[in-house]
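Enquirer: In this note's numbering, the protein residues as written are 1184 to 1418. Glycine is no exception: its CB is placed at the ideal position from the N, C-alpha and C atoms. Have a look at this one before I ask anything.
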């Protein structure tokens, strides 16, 4: 499904039919997923490229939040310990159209229905896209159209044992790579029992991956904050 195509782009399987056809004077992009509304857009362009890749999973059904919260079974990390684990995260797929050195978002869809939660108190917490993941000690085998793999380094800089069961990430800092799998590499820095910080690294997880086009780049958004401070703990 992922890749770069001309205006003859077409993809079909048991879940989705998507593609572009030439009409009188314009092209028509159509995407059909069972149980969802059909998306159809007319394109006035003679030639260009279609780019399909995973994007930040924070856009559906609308842009409610920039934060992704991954919850997992509780882990206890030793004082000043640093350990790598692997988690999964949800996939959203972006379809872009590029012509004359300009890129436009054409469509975003997902096979993983979104769930939302509240990180922090009801009178001042942050709304998050919520996802539950198993914890793995190596790269798990997942369907790259449904789930990505995150390598997370848990870095306990505190002098006490800390129990961890969640991490919250700022979407503007996400660096997604795709190929044999879809992946991100991140760090959870624990400062104390009540405070932690997350950040992403701009690096692939395997040698056969390409960097995904980022939504905020395509939308020409000015990004200031790329890390997230977890002020309400990691449990």
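Please classify residue 1365 as buried or exposed, where buried requires at least 16 neighbouring CB atoms within 10 angstroms.
Expert: buried
Enquirer: Do you know how far the Cα of residue 1205 is from the Cα of residue 1334?
Expert: 42 Å
Enquirer: Who are the near neighbours of residue 1362 in its chain, counting only those whose CB is closer than 7 Å to its CB and skipping five residues on each side?
Expert: These residues qualify, in order along the chain: 1389, 1391, 1392 and 1393.
Enquirer: Does the pairing of the region 1277-1289 with the region 1225-1233 give three or more beta-carbon distances under 8 Å?
Expert: The region 1277-1289 is in contact with the region 1225-1233.
Enquirer: Leaving out the 5 sequence neighbours to the left and right, which residues in its chain are closer than 6 Å to residue 1345 when beta-carbon positions are compared?
Expert: Taking C-beta separations shorter than 6 Å and ignoring five residues to either side along the sequence, the partners of residue 1345 in its chain run 1260, 1339 and 1373, following chain order.
Enquirer: Residue 1266 and residue 1337 look like a contact to me (Cβ under 8 Å); what is the Cβ gap, rounded to whole Å?
Expert: 5 Å
Enquirer: From residue 1190 to residue 1306, what distance separates their C-alpha atoms?
Expert: 49 Å
Enquirer: Considering residue 1330, what are the terminal residues of the beta strand (DSSP E) in which it resides?
Expert: 1330-1339
Enquirer: Touching or not, the region 1242-1257 and the region 1285-1301, by the rule of three or more beta carbon pairs under 8 Å?
Expert: yes
Enquirer: Just mark residue 1159 as buried or exposed, buried being the case when its beta carbon has 16 or more other beta carbons within 10 Å.
Expert: Outside the displayed range of the chain (1184 to 1418) lies residue 1159, so it cannot be described from this structure.
Enquirer: Please classify residue 1212: is it buried, with 16 or more other beta-carbons within 10 angstroms of its beta-carbon, or exposed?
Expert: buried
Enquirer: Based on Cα-Cα distance, which residue from 1398, 1376 and 1409 lies nearest to residue 1469?
Expert: Limits of the chain in this structure are 1184 at one end and 1418 at the other, which puts residue 1469 out of reach.
Enquirer: Considering only C-alpha positions, which residue in the set 1352, 1380, 1410 and 1371 is nearest to residue 1250?
Expert: 1352
Enquirer: Around the Cβ of residue 1208, are there at least 16 other Cβ atoms within 10 angstroms (buried) or fewer (exposed)?
Expert: Counting the other CB atoms within 10 Å of its CB gives residue 1208 a total below 16, which places it among the exposed residues.
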